[in-house]
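Structure first, commentary second.
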Amino acid sequence: MTISSLSRRGLFGLVGAALTAADGKRGMIVRSSRAEDLEMPLEGFLESYITPVERFFVRSHHYLPTVKAEDWKLKVEGKVSSALALSLDELKKMPRVELVSVLECAGNGRGLYEPSMPGLQWTYGSVGNGRWSGVRLADVLKRAGVQAGAIEVVFDGADVPVGTQPEFVRGIPFAKAMDPNTLLAYEMNGAALTRDHGFPLRVVAPGWAGDCWVKWLTRIEVRDKEFDGFFMKTGYRHPGKPVVPGVPVDPAQMKPVTTLRVKSVIASHLDKGEIGLGATKIRGAAWSHESPIASVEVSTDGGRKWAAARLGKDAHRFGWRQFEFDWTPGEAAYYSVMARARNAAGETQPFVQEWNPSGYSNNTVHTVRLNAVSAPGAAVSKPAEPAVEAPAAFKATCLGCHGEEAIAQQRLSRAQWEAEVGKMQRWGARVTPENKETLIEYLFKRYPYRAR
Ligand SMILES: Nc1nc2c(c(=O)[nH]1)N[C@H]1C(S)=C(S)[C@@H](COP(=O)(O)O)O[C@H]1N2
Ligand SMILES: [Mo]
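Going letter by letter, the sequence shown gives residues 1 to 452 in my numbering.
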């Protein structure tokens, strides 16, 4: 079944309410409405090479800040010979650089891991391909004069935490900061950054995961010691190797997420869909990190035979490549269609999921199972939601800071729900001792673990 026929039936509503046109975003999957976390639906991979702003995913740990350009300054501090406070006009007078790059959240594909873990249950679309314009971070750092011993550059934005949640501050190694492709961008796709995407200035770190692309940038600190804030020390860490699924890893053994991985997504057909026996096109997009995509191969028989897909003409070192593969199923059968990308460095995607505790960097080969029949069109039934009444305390305790979408997408065991309620208490939720068990019991019954 093709994506266009699916959207007509409104099946994307399964994963989130549709956003209205007034939000400026079009048909996004709402992972959270407040703080704003929006996923691009699959058709976004196919509609255009550059992802339009209204289709570009949004990931915000805190509520969106409103920044007025005239009151805004970028501070450059720390191990520099002269601290700077630059206005937007001053930045715009510096040499302008433009590049195309994929921006992908490290958590893209988290919702596909088994066993599941708490966090936004992104499937494929917390990624986009943008055209970014601004100044080189290296030029700004040179203007401030970097002192000897600099090892890291840390970024802070104008957004402020919700409740007692830790503040979102991320850093990158000094060498990546000095890379001529690392930018401070004031434009996206040829227009000023929108509020969602970090107006007036954001970091652009091509090939690196989205968490270091700090938005609403207000302060840059050059450091000679590693920054140890929550989002460096605890959040966005990966064991750096596959670990036993479901088993916790000592945080001291984990390293910050850095570069993206080579990856491809089939966007033309939906898993477990139905198609006819005639000609169809398998289409999607593939991307990598600092080494560009070299090839995409497609298999329609579960990985026995592979053939090269045609790559789209648009190609940029850090951008994605769209791909297309002609296929005629011919015979009625249940087909496993797969795509596998390779980059210029020879790296490719694993066939078997490599689990990690926070569900980052999922680049498992994408398999789409398709039932080819002579007369497609059978209705797809929605899985029934468990009918459980919310306790009176739920709304007052859990829906003050964010909406129910943040909760409803989770697939957690009872122990995971208990831990999640504990985390919310630490972040400011007022859970009374009398209500705690009732809430955990409700959350587990209403939003239990379910296989994808
Ligand atoms: N200040 C600030 N910058 C931020 C974030 C944030 O919460 N606050 N989220 C980061 C994460 S995790 C990602 S994936 C990207 C998402 O960028 P986008 O919303 O423009 O797609 O922004 C990054 N920059
Ligand atoms: Mo992210």
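For every residue, glycine included, the Cβ atom is placed at its ideal position computed from N, Cα and C.
The model shown is predicted, which means the values in this text are computed figures rather than measured ones.
query: Distance cut 6 angstroms, beta-carbon to ligand 2 heavy atom: residue list by chain order; result: Arg59, Cys105, Ala106, Gly107, Gly210 and Asp211
query: Closer than 7 angstroms: valine 277 CB and nearest ligand 1 heavy atom; result: The residue asked about is misnamed: residue 277 is leucine in this sequence, not valine. Leucine 277 Cβ: outside cutoff for every heavy atom of ligand 1.
query: Cβ contact (3+ pairs, closer than 8 angstroms) linking the region 355-370 and the region 107-115; result: yes
query: Sequence-distant residues of its chain with Cβ nearer than 8 angstroms to glycine 190 (five each side left out); result: Arg131 and Ser133
query: Burial state of arginine 170, where buried means 16 or more other Cβ atoms lie within 10 Å; result: buried
query: Contact test: glycine 149 Cβ vs ligand 1 heavy atom, cutoff 7 angstroms; result: no
query: 8 angstroms contact criterion, which glutamate 39 and isoleucine 29 should meet: CB distance rounded; result: 4 angstroms
query: Three-pair Cβ contact test at 8 angstroms for the region 160-180 versus the region 57-71; result: yes
query: Proximity to glutamine 147 [Cα-Cα], best of Asp156, Gly128, Gln416 and Ala83; result: Ala83
query: For aspartate 139, the nearest candidate out of Thr123, Gly27 and Ala185 (CA to CA); result: Ala185
query: Whole-angstrom distance between alanine 390 and glutamine 349, CA atom to CA atom; result: 42 angstroms
query: Per-residue burial, glycine 121 [other beta carbons within 10 Å of its own, 16 or more giving buried]; result: Note that residue 121 is glutamine in the sequence shown here, rather than glycine. The residue in question, glutamine 121, is buried, as its Cβ has 16 or more Cβ neighbours within 10 Å.
query: Cα-Cα separation, histidine 238 to proline 376; result: 43 angstroms
query: Within 8 angstroms, strictly: CB atoms of proline 329 and leucine 270; result: no
query: Inter-stretch contact (C-beta, 8 angstroms, three-pair minimum) for the region 222-239 and the region 331-350; result: no
query: Given 8 angstroms, three or more beta-carbon pairs between the region 274-294 and the region 309-325; result: yes
query: Neighbour-count burial assignment, aspartate 196, 16 or more Cβ in a 10 Å radius; result: buried
query: Sheet register partners of threonine 348 (DSSP bridge); result: Arg342
query: Residues of its chain near serine 87, where Cβ-Cβ distance is below 7 angstroms and the 5 sequence neighbours each way are ignored; result: Lys73
query: Lysine 263: first and last residue of the uninterrupted beta strand (DSSP E) it sits in; result: 263-266
query: Cβ-heavy atom distance, aspartate 196 to ligand 1, below 7 angstroms; result: yes
query: Per-residue burial, glycine 44 [other beta carbons within 10 Å of its own, 16 or more giving buried]; result: buried
query: Alpha-carbon to alpha-carbon, leucine 42 and alanine 21; result: The predicted position of alanine 21 is uncertain, since its pLDDT is 38 and thus under 50; a value taken from the coordinates is nonetheless stated next. If you take the alpha carbons of alanine 21 and leucine 42, they lie about 18 angstroms apart.
query: Within 8 angstroms, strictly: CB atoms of leucine 46 and serine 268; result: yes
query: Inter-residue spacing [alpha-carbon to alpha-carbon] between leucine 399 and arginine 426; result: 16 angstroms
query: Distance cut-off 7 angstroms: valine 214 Cβ against heavy atoms of ligand 1; result: yes
query: Contact test: histidine 402 Cβ vs ligand 1 heavy atom, cutoff 7 angstroms; result: no
query: Residue range of the beta strand (DSSP E) that includes glutamine 425; result: No beta strand (DSSP E) holds glutamine 425; the alpha helix (DSSP H) holding it covers 414-426.
query: Run of the beta strand (DSSP E) containing tyrosine 186, from where it starts to where it stops; result: 183-188
query: Whole-angstrom distance between arginine 369 and glutamate 274, CA atom to CA atom; result: 9 angstroms
query: Close Cβ partners of isoleucine 151 (< 8 angstroms) along its chain, the five nearest in sequence each way excluded; result: Pro173, Phe174, Arg223, Asp224, Lys225 and Glu226
query: Heavy atom of ligand 1 within 7 angstroms of leucine 103 beta-carbon; result: yes
query: DSSP beta-bridge partners of leucine 311; result: Phe323
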